[in-house]
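Taken in order, the sequence shown gives residues 2 to 323; the numbers are from this note's numbering.
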Amino acid sequence: RDVELCVELDREQGIVAFWNQVRQFVGCKLEDATTPGDAVDMYVLHKLHSEFALPSKGRQEGEEYEGGAVFDPITGVRENVIVLDLKSLYPMCMVTINASPETKVDADTYDGDMYQAPNGTRFRKEPDGVIREMVKELLAEREQKKSLRDDHDPKEQAYEQYDRQQQAVKVIMNSLYGVLGWDRFRLYDREMGAAVTATGREVIEYTEEIVNDHGHEVIYGDTDSVMLEIGNISSPDLPGEVPSDIRETYPEMSREEVQTLYATVNRGFELEEMINESYGRFAEEELNASEHRFEIECEKLYRRFFQAGRKKRYAGLKIWLQ
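As structure tokens, this is what we get:
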């Protein structure tokens with residue numbers, strides 16, 4: 002039965018089909034598609050083979066640097082916790098500050114316009130580096146696949162096919178940052194990797210400040226998301242009417258529970274809009290960037306959220322997902 006179960010599991014989850022899609026997109030062997038370092042390496046080789054003589058793999062000395070922001074955990078149960086998630090944070094950091102091995106400059110000798118990462122590393126503003134070009138291309142490719150997907154009904158085979166394709170692109174885009182901090186990657190650059198991570202930390206810490214300024218407490222955060230407690234909403238603040246599709250989605254809830262859910266999610270969307278509007282000022286003041294690609298979204302709602310004082314360990318009753 003072991004083999005039969007594997008086949009049935011693959012039919013249900015489409016595991017082989019997904020990694021085969023990654024293989025086709027990258028242009029690598031199937032066994033390499035499942036390893037981020039190998040898949041991204043082949044993607045980079047295909048993209049840059051006629052432009053640059055790339056260094057060999059595994060020839061550089063590696064050195065650790067500080068990772069993403071992880072907030073101190075709480076202990077206990079919280080009510081109505083909204084999760085705000087920064088979309089593809091590290092790729093967006095790379096695009097915003099034009100982080101790439103060949104764009105890194107010395108602030109004392111370079112007289113052109115520069116982006117400034119929070120760790121002190123500087124990157125020239127023009128022209129675009131190879132990393133920025135690749136991320137932009139991947140973003141455009143993914144949006145195209147998502148648009149084609151959305152032209153079809155979710156029950157159609159074409160919808161499933163385009164969804165697999167956009168997920169494959171997403172895997173490569175997000176893996177690109179991950180391998181930049183790997184000393185066996187041919188484009189490894191410690192200062193660049195540290196600059197991108199430092200930028201991500203600064204963005205998430207700034208997001209916490211904005212949330213706190215609007216009267217809510219960030220109870221936890223990890224790398225590219227923050228969790229904030231909306232708490233119980235008093236009866237006078239509940240909406241009088243709730244859209245029928247919301248009521249129909251939660252038939253097991255009482256009228257007041259549905260009103261609370263609707264009001265809480267709306268508050269999450271209000272915060273999403275306010276935070277996104279403020280990122281322009283942050284990018285200008287902290288990164289010397291007149292344009293940015295940071296975008297946060299209200300991703301999910303936990304009716305109850307529990308944490309026992311340990312980082313990266315929590316549980317929640319999820320009742321809404323974007």
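Note that the Cβ used here is the ideal one computed from N, Cα and C, for glycine as well.
For residue i, which residues does DSSP report across the bridge?
| i | result |
| --- | --- |
| S51 | None, per the DSSP bridge assignment. |
| D223 | V71, S226 |
| F306 | R79, G317 |
| C299 | L85 |
Terminal residues of the continuous alpha helix (DSSP H) containing residue i?
| i | result |
| --- | --- |
| G317 | It is not in any alpha helix (DSSP H) - G317 instead sits in the beta strand (DSSP E) that spans 315-322. |
| R12 | 3-14 |
Could you check what DSSP says for residue i in three-state terms: helix, strand or coil?
| i | result |
| --- | --- |
| R76 | With the sequence shown as reference, residue 76 is identified as Thr, and Arg is not the correct amino acid for it. If DSSP states are grouped into helix, strand and coil, T76 belongs with the strands. |
| Y116 | strand |
| V41 | helix |
| N213 | helix |
| Y160 | helix |
| D86 | strand |
| K105 | strand |
| E253 | coil |
| N277 | helix |
| E242 | coil |
| E218 | strand |
| A195 | helix |
| I205 | helix |
| K58 | coil |
| I231 | coil |
Is it the case that the Cβ atoms of residue i and residue j are separated by a distance below 8 Å?
| i | j | result |
| --- | --- | --- |
| K58 | R187 | yes |
| Q22 | Q117 | no |
| L262 | W321 | yes |
| I276 | T200 | no |
| I75 | Y221 | yes |
| F283 | Y163 | no |
| L181 | Y189 | yes |
| M115 | N233 | no |
| K137 | V170 | no |
Got a sec, what are the start and stop residues for the beta strand (DSSP E) residue i sits in?
| i | result |
| --- | --- |
| C29 | No beta strand (DSSP E) contains C29, which DSSP labels as neither H nor E. |
| R123 | 123-125 |
| A141 | First-last for A141: 131-151, but that is the alpha helix (DSSP H), not the beta strand (DSSP E). |
Label residue i either buried or exposed according to how many other C-beta atoms from any shown protein chain fall within 10 Å of its C-beta, with 16 as the threshold for buried.
| i | result |
| --- | --- |
| S101 | buried |
| N81 | buried |
| R335 | The chain is shown only over 2 to 323; residue 335 falls outside these bounds and no answer can be derived. |
| Q260 | buried |
| Y111 | exposed |
| V4 | exposed |
| S291 | exposed |
| I132 | buried |
| L31 | exposed |
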